[in-house]
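What follows is a short report on a single structure.
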Amino acid sequence: MAVYQTTGAWTDTAQVGPMTEGAAGIAVIVLAILALASISPGVLTPIAAIVIGVGLLIEAANTGIEYSRVSAQGMQGGALQTAQLGADVSVELIAGVVGIVLGVLALIGAATDMHLLPASLIVFGGAMLLAGLSATSISTVSGVDGGPGGMVAVQSELAPARGLQVLAGISAIVLGILAFVLTAGPTLLMVGFLVVGAALLATSANFTQSFMRMLAR
375 MAVYQTTGAW TDTAQVGPMT EGAAGIAVIV LAILALASIS PGVLTPIAAI VIGVGLLIEA
435 ANTGIEYSRV SAQGMQGGAL QTAQLGADVS VELIAGVVGI VLGVLALIGA ATDMHLLPAS
495 LIVFGGAMLL AGLSATSIST VSGVDGGPGG MVAVQSELAP ARGLQVLAGI SAIVLGILAF
555 VLTAGPTLLM VGFLVVGAAL LATSANFTQS FMRMLAR
């Protein structure tokens, strides 16, 4: 997830393209709710894991594309924005691939679902936690008054979406571990996927900006 830094506030970057991580988040929420309602949970839960993996791949791709675009603009002489690549791209790419593999294996019955799927939830939670703590930042420098202490105040700010990512990551890790050891594991697993899906939706750039515009009205 890339974030813009401008006049002391952080907002998510608006990605272009018909499919974003927000669409994956909505799909995961629907699948998790249906699974919680006991509608084919053995099929829908692995599919939810696969969709989350795809969503993380999309998020990583969006961040990488935005970083490349801003870097190219800077090299062309505009220098209106500067980008600092974080570890979120590589972390989300790895977690997305691992999640898809685990989801496919669980779907075809290669191993016990309650071994593979909680592991995937822990992987997703760890990825969201690390991505939230080390997100790629894109700083808008045009028109910013470099007064004393200004940069310090800006750098101490965190994007609300990043905070949600960290909280969702911690929750997913805890739920994944509990799903391993408790008899209510399947329910905890689906709740964990629901949390991750909601986090994907909340950190989607288009969703965040639309929500902020709605509040501004």
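Using the working numbering, you'd call the opening residue of the sequence shown number 375 and step up by one each time. Yeah, the Cβ is synthetic: ideal placement off N, Cα and C, and Gly gets one too.
Cβ-Cβ distance between residue i and residue j below 7 Å
| i | j | result |
| --- | --- | --- |
| Phe567 | Val465 | no |
| Ile496 | Gly550 | yes |
| Gly427 | Gly396 | no |
| Ala398 | Val425 | yes |
| Ala546 | Phe498 | yes |
| Ala434 | Ala422 | no |
| Gly473 | Ser442 | no |
Cα-Cα separation between residue i and residue j, rounded to whole angstroms
| i | j | result |
| --- | --- | --- |
| Leu574 | Leu410 | 19 Å |
| Ile439 | Thr557 | 43 Å |
| Ala480 | Thr486 | 7 Å |
| Gln529 | Ile413 | Unreliable placement is indicated for Gln529, whose pLDDT of 37 sits below 50; no coordinate value is reported for it. |
| Ala316 | Met502 | Any question about residue 316 goes unanswered here, given that the chain covers just 375 to 591. |
| Glu531 | Ile544 | Unreliable placement is indicated for Glu531, whose pLDDT of 39 sits below 50; the coordinate value is still reported in the next sentence. In a straight line, the C-alpha of Glu531 is about 21 Å away from that of Ile544. |
| Val526 | Leu562 | Confidence in Val526 is poor, its pLDDT being 36 and thus under 50, which makes the residue's placement too unreliable to answer from. |
| His489 | Thr437 | 31 Å |
| Val404 | Val475 | 21 Å |
| Leu552 | Thr394 | 30 Å |
| Ala576 | Ile468 | 21 Å |
| Gly500 | Gly477 | 17 Å |
| Val570 | Met564 | 10 Å |
| Val540 | Gly483 | 32 Å |
| Ala542 | Pro492 | 15 Å |
| Ala505 | Gly559 | 26 Å |
| Leu408 | Leu431 | 24 Å |
| Gly452 | Pro420 | Per-residue confidence for Gly452 stands at a pLDDT of 48, beneath the threshold of 50, marking its modelled position as unreliable; no derived number is given. |
| Leu507 | Ile400 | 24 Å |
| Val555 | Val548 | 11 Å |
| Val463 | Pro415 | 31 Å |
| Ser578 | Gly429 | 10 Å |
Start and end residues, alpha helix (DSSP H) containing residue i
| i | result |
| --- | --- |
| Ile400 | 395–410 |
| Leu568 | 559–576 |
| Leu479 | 462–481 |
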